[in-house]
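**Student:** Going by my numbering, the residue at position 10 of the sequence shown is 67; the numbering climbs one at a time, nothing skipped.
Don't be surprised by glycine CBs; every beta carbon is placed ideally from N, CA and C.
I'd like to ask you about the structure that follows.
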Amino acid sequence: MPPLYRGHIPTTSAQKVVVAGAAAVRALANPARADMIAALGEVTGRVALERLRSRLRSSEGGRRLLAERPVVTSAIDTRGCPPGSFGAAYEAFLSRHRFDPDDRSPVALVDDEELAYVVLRYRQVHDFWHVLCGLPPTVLGELGLKWFELVQTGLPVAALSAVFGPLRLGPRQRAKLATKYIPWALREGQRATLLLSVHYEAELETPLDALRASLSLTPAPK
Numbered sequence: 058m059p060p061l062y063r064g065h066i067p068t069t070s071a072q073k074v075v076v077a078g079a080a081a082v083r084a085l086a087n088p089a090r091a092d093m094i095a096a097l098g099e100v101t102g103r104v105a106l107e108r109l110r111s112r113l114r115s116s117e118g119g120r121r122l123l124a125e126r127p128v129v130t131s132a133i134d135t136r137g138c139p140p141g142s143f144g145a146a147y148e149a150f151l152s153r154h155r156f157d158p159d160d161r162s163p164v165a166l167v168d169d170e171e172l173a174y175v176v177l178r179y180r181q182v183h184d185f186w187h188v189l190c191g192l193p194p195t196v197l198g199e200l201g202l203k204w205f206e207l208v209q210t211g212l213p214v215a216a217l218s219a220v221f222g223p224l225r226l227g228p229r230q231r232a233k234l235a236t237k238y239i240p241w242a243l244r245e246g247q248r249a250t251l252l253l254s255v256h257y258e259a260e261l262e263t264p265l266d267a268l269r270a271s272l273s274l275t276p277a278p279k
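Take a look at the structure:
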């Protein structure tokens with residue numbers, strides 16, 4: 058198979074199995090290995106990705122997204138966004154935690170050019186979702202978001218994090234995840250608009266609360 062897009066590494070089914078096994082072992086041993094988590098997501102999520110694509114194609118916003126293919130980079134200027142806006146909250150989130158949108162891993166192992174974009178978009182809007190959901194980038198906050206992502210997307214890599222991630226928590230944090238974040242994620246993940254279909258670049262000046270309301274999304278409990 059010739060490469061289907063820039064950076065694509067064609068792999069056979071057998072090679073995908075090997076990659077999945079190695080990536081899963083390394084990701085479980087060291088959850089900070091974002092590269093292993095990314096690789097695992099690319100070789101295990103084909104069925105879920107095809108469902109996601111179908112859902113995107115079924116909505117006007119999703120079809121626009123697939124047609125225009127916006128990319129989240131540091132070139133997006135949110136410094137002039139009005140106070141209280143989604144863009145201002147996103148700028149504050151990036152600055153507070155010293156995150157760089159350009160650090161997201163490129164896609165290489167998805168053997169479908171359009172699905173590769175879906176995976177890329179899923180990665181790149183992760184911090185947007187932190188802002189919308191009101192979840193900090195702590196281990197507990199990430200797990201709350203992974204449960205929300207699992208309900209919204211059905212991706213196996215989100216399931217892996219949701220199931221095994223709590224092993225990294227202490228008793229009090231595990232209790233908060235079970236009693237507050239998971240019930241919230243199950244409820245809001247089903248109720249909210251498919252967040253992957255949102256053209257966030259066009260919503261930067263929208264008041265954060267108004268954007269949440271338009272998406273039928275209530276942020277996570279404190």
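Do you know offhand how far residue 64's Cα is from residue 162's?
**Tutor:** For the purposes of this step, residue 64 is identified with residue 7 of the sequence shown, where counting begins at 1. For the purposes of this step, residue 162 is identified with residue 105 of the sequence shown, where counting begins at 1. Residue 64 and residue 162: Cα-Cα distance of roughly 11 Å.
**Student:** Looking only at its own chain, which residues have a Cβ that is under 7 Å from the Cβ of residue 230, when we skip the five neighbours before and after it?
**Tutor:** Numbered from its first residue, the sequence shown carries residue 230 at position 173. Hits under 7 Å: 197.
**Student:** Taking all protein chains shown into account, do 16 or more other C-beta atoms lie within 10 angstroms of the C-beta of residue 209, making it buried, or fewer, making it exposed?
**Tutor:** Working through the sequence shown from its first residue, we reach residue 209 at position 152. Buried is the call here.
**Student:** Extract the residue ranges of the alpha helix (DSSP H) inside the segment 181 to 264, only unbroken runs of 4 or more that lie entirely within it.
**Tutor:** Runs found: 183 to 190, 196 to 210, 213 to 221, 228 to 233 and 239 to 248.
**Student:** Check whether the segment 202 to 219 touches the segment 135 to 144, taking contact to mean three or more Cβ pairs, one atom from each stretch, closer than 8 Å.
**Tutor:** No: fewer than three Cβ pairs fall under 8 Å.
**Student:** Assign residue 66 to one of two classes, buried (16 or more other C-beta atoms within 10 Å of its C-beta) or exposed (fewer than that).
**Tutor:** As a first step, residue 66 must be located in the sequence shown, where it is residue number 9. When all chains shown are included, residue 66 counts as exposed.
**Student:** So, for residue 80: in the same chain, excluding its five sequence neighbours on each side, which residues have a beta-carbon less than 6 Å away from its beta-carbon?
**Tutor:** Here the question's residue 80 lines up with position 23 in the sequence shown. Once the five neighbours on either side are set aside, the close Cβ partners of residue 80 are 93, 96 and 97.
**Student:** Between residue 166 and residue 75, is the Cβ-Cβ spacing less than 8 Å?
**Tutor:** Here the question's residue 166 lines up with position 109 in the sequence shown. Here the question's residue 75 lines up with position 18 in the sequence shown. No, the pair does not count as a contact, with Cβ atoms beyond the cut-off.
**Student:** What's the gap between the Cα of residue 173 and the Cα of residue 267?
**Tutor:** One-based indexing of the sequence shown puts residue 173 at position 116. One-based indexing of the sequence shown puts residue 267 at position 210. One C-alpha to the other measures close to 31 Å.
**Student:** Could you give the uninterrupted runs of the alpha helix (DSSP H) lying entirely in the segment 106 to 187, keeping only those of 4 residues or more?
**Tutor:** Whole alpha helix (DSSP H) segments, 4+ residues: 117 to 125, 143 to 154 and 170 to 181.
**Student:** So, with DSSP's three-state summary, where would you put residue 279?
**Tutor:** If you number the sequence shown from 1, residue 279 lands on position 222. Three-state DSSP puts residue 279 in coil, outside helix and strand.
**Student:** Quick check on DSSP: helix, strand or coil for residue 83?
**Tutor:** Sequence index remark: in the sequence shown, residue 83 carries index 26 (1-based). Here residue 83 sits in helix by DSSP.
**Student:** Would you decide whether residue 187 is buried or exposed? Buried here means 16 or more other CB atoms lie within 10 Å of its CB.
**Tutor:** Walking along the sequence shown from the start, residue 187 turns up at place 130. So residue 187 counts as buried.
**Student:** Hey, out of 269, 106 and 108, whose CA is closest to residue 189's CA?
**Tutor:** In the sequence shown, the residue the question calls residue 189 occupies position 132. Answer by Cα proximity: 269.
**Student:** Rank 250, 130 and 194 by C-alpha distance to the C-alpha of residue 112 and give the top, closest one.
**Tutor:** Walking along the sequence shown from the start, residue 112 turns up at place 55. Selected option, being the one with the closest Cα: 250.
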